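**Student:** If you use mature numbering (1 follows the signal peptide of the UniProt record, and there is no 0), the sequence shown corresponds to residues -28 to -1, 1 to 91, in order. I'd like to ask some things about the structure below.
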Amino acid sequence: MRPLHRLASAILAVACVLILPYEAVSHARVTVTKAGDAASDEPFGSACRVRVDGSDVTAYCHNPYPGPDHVRLHVECEHWWDLDSDTSPVVAAPAQTVRLDGRCWKEVRAAWVSHVRES
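Written out as structure tokens, the structure is:
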């Protein structure tokens, strides 16, 4: 009876991981810098929190570093007929928090923020 109990527990654990909503999976931060940039050794990049609520996406990005950060919100929609969107770049100045908004008509598949150094 014990091996059957362990197998059931393992199957339940795998099912929970596979059923986990996509929004709960962390997304990698995309950072774009120019090659040969002398400032590339300095700390850079706003800390961003992305929240998906139904078809609405909101991101708050706070820049704790002395250099400005150009952030953009990217929203990928679940359905093929629902258009994906990218916001215009917004400057997060030093010690500033900015809000970025996006949406889909229906479900959101993924949402993330990209960062670009000021040139």
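The beta-carbon is built from N, C-alpha and C at its ideal position, and this holds for glycine as well. Here the structure is a predicted model, which is why all the values come from computation and not from measurement.
Do valine 88 and cysteine 33 have their beta-carbon atoms positioned less than 8 Å apart in this structure?
**Tutor:** No, the Cβ-Cβ distance between cysteine 33 and valine 88 is not below 8 Å.
**Student:** Reducing DSSP to helix, strand and coil, say where aspartate 58 ends up.
**Tutor:** In this structure, aspartate 58 counts as strand in the three-state DSSP scheme.
**Student:** Throw me the rounded Cβ distance for the valine 63 and proline 40 pair, which I believe falls under 8 Å.
**Tutor:** Correct: roughly 5 Å between the Cβ atoms.
**Student:** To the nearest angstrom, report how far apart tyrosine 37 and serine 18 are at their CA atoms.
**Tutor:** Roughly 8 Å between the two C-alpha positions.
**Student:** Going by C-alpha to C-alpha distance, which of Ala67, Ala65, Asp28 sits closest to glutamate 79?
**Tutor:** Here the closest residue by C-alpha is Asp28.
**Student:** With respect to the beta strand (DSSP E) encompassing histidine 51, which residues constitute its N-terminal and C-terminal limits?
**Tutor:** Unbroken run through histidine 51: none, as it is neither H nor E.
**Student:** Looking at the strands, I want to know which residues DSSP matches up with tryptophan 84.
**Tutor:** Looking at the DSSP assignment, tryptophan 84 forms a beta bridge with His46.
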